[in-house]
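This report refers to the structure that appears directly beneath it.
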Amino acid sequence: MIATNSMSFSSRLSLRVKVNLTIVSIFLLVLALVTTFAVIHERDRLMDFAERQATEMTTLYFDSLNTMMLTGTMDQRSILRHKMLARDEIIEARVIRGQPVIGQYGPGYSDEVPLDDYDNEALRGNQVTYISTKGTQRMITVITPFKATESTRGVNCLQCHNVPSGSVNGAIRISYSLSEIDAAVEEELWTTLWTNLVLFLIGLLLINAFLKAWIITPLAELGKVLTKRSQGDSEVRAKVDRADEVGGLADAFNTMADNVNAGLEREHNAAVELQHKVDQLLEAVNKVAEGDFSAEIKLEGEGAIVDLGESLQIMISYISLSTEQKKEEVETLERKVNQILNVVTLASAGDLTGVVDIEGDDAIGKLAKGVQGMVSSLNTLVAQVQRSGIQVTSSATEIAATAKQQEASLAEQAATTNEITVTATEISATTAELTNTMDEVAKVADRTRISAARGHEDLEHMETTMQQIVEAAVSIASKFEILNEKARNINSVVTTITKVADQTNLLSLNAAIEAEKAGEYGLGFSVVATEIRRLADQTAVATLDIDQMIKEMQTAVSSGVLSMEKFTDQVRRSSEDVNQVSSQLAVIIEDVQEFTPRFENVQQGMHFQTQGAKQIKQAMVQLNESAQQAVVSIRHSNSAIDSLNDAAQSLQSGVTKFRVNKPGQY
Amino acid sequence: MQYVKFNLDEFRYVLSITDVIEIIPYVKLTSLPNLPDYLAGLFNYRGSSVPVIDLCSLFLKRPCNKKLSTRIIVVEVIGKNSVKKMVGLMVEKATEIIKVEEDSFMDAGVYGDDLPYIGPVIADSAGLISRIHPSEIFLQIDNEILFPAA
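Residue numbers (the working numbering), protein chains in the order written: chain A, 1 to 666; chain B, 1 to 150.
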């Protein structure tokens with residue numbers, strides 16, 4: 001990144017802008033100088049031309065006036081003046097009379113007298129030229145004096161003018177307009193300016209194109225390569241495809257990149273080797289720190305690091321040796337202390353069988369003897385206590401077991417008694433209920449018997465009625481059949497009538513046709529035919545009505561017959577059902593009548609049963625009470641035995657903690 | 001003028017009685033194989049074999065009901081080559097003769113070769129009745145069957 005902030009303004013601009021700024025500055029300077037020079041030069045030239053033109057005009061004016069003098073037409077000299085003034089570029093044209101002429105010919109016209117200092121200066125014989133501005137118009141004024149000589153412009157003035165040679169007879173004043181010249185100069189200025197600007201722009205574009213193609217693009221590419229390199233890509237190389245300065249720069253960069261890469265590679269290798277050696281040393285030192293002295297340091301080559309390795313090796317060997325010696329001493333001491341500690345630890349856990357066999361008069365040896373004595377004394381005492389405890393415990397356990405058995409039997413007895421009581425109560429209650437139920441059953445049975453008897457009678461009536469209905473239905477059905485037959489007969493009669501009516505209608509139609517054929521003679525017949533047709537139609541309508549009625553009747557009769565048949569069937573079936581029910585009822589009545597004496601027997605038995613159950617219940621309650629009392633007293637003795645047992649148990653468990661030698665061992 | 005009125009379903013027609021020879025009841029017809037549907041069969045009319053056209057088949061595409069009021073109107077028609085021929089027209093409900101003044105007929109208001117059975121019409125309380133001429137019916141059916149080839 002380019003630190004743009006700290007740079008001056010000019011160094012922050014791009015190469016192209018700088019080049020363009022330089023070219024533009026130079027061009028503007030050159031353009032200003034060239035244009036100024038050209039315009040000044042042109043203007044001078046034109047001014048010179050204007051002056052000469054004006055001077056020429058004065059001479060021309062004089063020559064013309066001189067001609068008029070010689071031809072004697074001076075009176076019309078104002079014509080000449082008007083002709084001169086008629087030219088566009090001539091603003092003023094005047095003849096100024098000098099003193100000699102005024103003396104000889106008079107003062108002349110009012111415009112022929114001198115009007116200003118320039119006129120007087122000319123009359124003194126000096127050529128006057130000056131530039132003045134009138135309004136927006138610039139003009140050059142030339143006043144040429146004319147002297148009277150023997151040969152002024154080829155004419156001898158002294159022939160007519162009575163003056164000494166060389167005296168100023170007058171002057172001609174011409175004011176010549178500079179507008180045209182000024183316009184020409186301005187136009188020239190703009191043309192030059194525009195042409196130069198266009199040429200300059202083309203040049204600028206060409207320069208930019210070349211600049212881009214030859215310098216900026218190659219430099220930008222090289223810049224990209226450098227950026228990549230700076231970002232760490234060591235393999236990147238510039239493209240060398242030109243022999244100019246930029247190509248040289250790219251080539252130089254590539255060489256530099258190769259050299260830098262090679263240097264980096266060498267340094268890296270050296271660092272790796274050094275790292276390896278240091279790692280070896282560090283590994284050995286770490287092992288030593290962890291207590292492993294087996295490490296061997298083997299470094300090849302020369303230098304400080306190898307020396308350091310050798311010294312370290314020697315140091316490690318020395319430390320290893322001294323550590324071995326110390327370790328042996330400590331182990332001996334540790335063994336003895338461990339032995340004593342074992343015995344004491346066993347004793348504290350209750351094992352008093354431990355033996356300490358350490359000789360010597362040092363502190364450890366004395367300690368061992370003391371401990372051995374203490375353990376032996378404890379051993380004897382605890383053995384005695386253990387034996388007594390076992391005896392007490394076994395006795396207490398026996399007593400407790402006996403009491404438990406007794407309690408269990410009593411509890412069982414109580415439970416059984418309770419069950420019997422409950423059962424007796426239930427029997428009592430059930431019997432009472434049953435007695436009630438039996439009473440009700442007896443009553444219901446009685447009522448049933450009466451109802452059944454009544455139902456039986458009713459059913460017999462019904463059966464008779466049913467029989468009558470069946471007979472009636474059969475007779476109705478046969479009547480329906482007769483009716484149906486009659487209706488069929490009527491129908492056939494109606495059909496015959498209909499056919500006759502149809503025939504009559506047809507006859508009447510044909511009669512009308514025949515009448516028509518007969519023409520006038522048939523008219524009367526035609527009327528008859530119409531009447532016949534009407535009659536036939538009415539008949540047809542009437543028979544249609546009858547036909548309809550008969551059909552309806554037949555339908556009704558048919559459905560009536562069908563319904564009657566169904567009804568008769570149902571009645572028959574019902575009659576059979578009633579018969580069956582009636583016989584069943586008779587059986588029921590007999591059965592119910594048999595029940596009554598049996599009910600009485602059952603009731604009596606139940607009463608006795610109730611009383612017996614009540615007596616059992618009372619006896620059981622008494623038994624239960626005494627059992628409860630026995631249980632309570634056993635519970636009391638039980639708790640006493642439990643207390644004894646607990647005491648014996650705790651004594652024994654306290655003593656069993658100790659392990660002792662068999663009697664006679666000490 | 002007097003006209004025989006008959007029905008074909010809800011459509012009503014009249015036929016001038018001057019065209020009618022006789023109206024006869026429905027009789028059993030002798031049928032022949034391969035006859036078109038509208039040709040119901042043949043019967044013996046006073047010693048002549050007369051073909052019967054079933055107008056129900058022709059107009060309604062169903063045969064006439066076999067009822068008492070179904071009748072055969074015997075007419076004489078003029079066919080191809082001005083040949084006169086007797087044919088029976090089987091129709092339904094041919095039970096009435098009505099009187100109609102000639103002036104009462106009016107234009108039906110629909111025309112076209114596809115509607116040949118609509119002639120001039122008259123109005124009564126039940127609607128319009130169309131008049132047909134027997135010979136016109138034969139313009140629509142195959143004359144080769146009914147009339148001898150020239």
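Ideal Cβ placement from N, Cα and C applies to all residues, glycine included.
Status (buried if at least 16 other CB within 10 Å, exposed otherwise) for residue i
i                : result
VAL260 (chain A) : exposed
PRO33 (chain B)  : exposed
PRO164 (chain A) : exposed
GLU92 (chain B)  : buried
VAL278 (chain A) : exposed
VAL75 (chain B)  : buried
ARG454 (chain A) : exposed
SER175 (chain A) : buried
TYR2 (chain B)   : The sequence given here places Gln at residue 2 (chain B); Tyr does not occur at that position. Looking at its Cβ environment, which holds 16 or more other Cβ atoms inside 10 Å, GLN2 (chain B) is buried.
GLN665 (chain A) : Because the pLDDT at GLN665 (chain A) is just 49, under 50, the model does not fix this residue reliably, and the point stays unresolved.
THR393 (chain A) : buried
THR437 (chain A) : exposed
VAL24 (chain A)  : exposed
ILE53 (chain B)  : buried
MET139 (chain A) : buried
ASN169 (chain A) : buried
ASN156 (chain A) : exposed
ASP107 (chain B) : exposed
SER409 (chain A) : exposed
ALA271 (chain A) : exposed
Helix, strand or coil at residue i according to DSSP, with G and I counted as helix
i                : result
LEU33 (chain A)  : helix
VAL27 (chain B)  : coil
MET1 (chain B)   : coil
ALA295 (chain A) : coil
THR587 (chain A) : Strictly speaking, residue 587 (chain A) in this sequence is Val, with Thr absent from that position. VAL587 (chain A) falls in the helix class under three-state DSSP.
ILE399 (chain A) : helix
SER559 (chain A) : helix
SER130 (chain B) : strand
THR217 (chain A) : helix
ALA445 (chain A) : helix
ALA238 (chain A) : coil
ASP502 (chain A) : helix
ILE497 (chain A) : helix
ARG153 (chain A) : coil
ARG87 (chain A)  : coil
Beta-bridge pairing of residue i - partner residues as DSSP gives them
i                : result
ASN7 (chain B)   : B:ARG12 and B:GLU92
ASN44 (chain B)  : B:SER49
GLU22 (chain B)  : B:VAL74
ASP351 (chain A) : A:ARG659
PRO145 (chain A) : A:ALA171
GLN137 (chain A) : A:LYS134
GLU92 (chain A)  : A:SER175
ALA627 (chain A) : Bridge partners of ALA627 (chain A): none, in fact.
ALA123 (chain B) : B:LEU128
Chain-ordered chain A contacts of residue i [CB-CB under 8 Å]
i               : result
PRO25 (chain B) : ASP502, GLN503 and LEU506
GLU22 (chain B) : ASN510 and ILE513
ASP68 (chain B) : Per the sequence shown, residue 68 (chain B) should be read as Leu rather than Asp. What LEU68 (chain B) touches in chain A: THR498, LYS499 and ASP502.
ARG71 (chain B) : LEU506
Chain A contact residues for residue i, given Cβ-Cβ distances below 7 Å
i               : result
THR18 (chain B) : GLU516
C-beta atoms of residue i and residue j nearer than 8 Å
i                : j                : result
VAL95 (chain A)  : GLU112 (chain A) : yes
TYR45 (chain B)  : MET90 (chain B)  : no
PHE599 (chain A) : ALA442 (chain A) : yes
ALA284 (chain A) : LEU312 (chain A) : yes
GLY522 (chain A) : GLU516 (chain A) : yes
ARG449 (chain A) : VAL592 (chain A) : yes
ILE550 (chain A) : ASN491 (chain A) : yes
ILE513 (chain A) : GLU22 (chain B)  : yes
VAL27 (chain B)  : ALA94 (chain B)  : no
VAL142 (chain A) : ALA54 (chain A)  : yes
Residue i: contacting residues in chain B (beta-carbon distance under 7 Å)
i                : result
LEU668 (chain A) : Here chain A comprises residues numbered 1 to 666, so residue 668 (chain A) is not present and cannot be evaluated.
Chain-ordered chain B contacts of residue i [CB-CB under 8 Å]
i                : result
ALA512 (chain A) : GLN2, ILE17 and ILE97
LEU523 (chain A) : Ordered by position in chain B, no residue passes the 8 Å Cβ test against LEU523 (chain A), which lies about 11 Å from the chain.
Interface partners of residue i on chain A, CB under 9 Å
i               : result
ARG12 (chain B) : Going along chain A, no residue has its Cβ under 9 Å from ARG12 (chain B), so there is no contact; the nearest lies around 16 Å.
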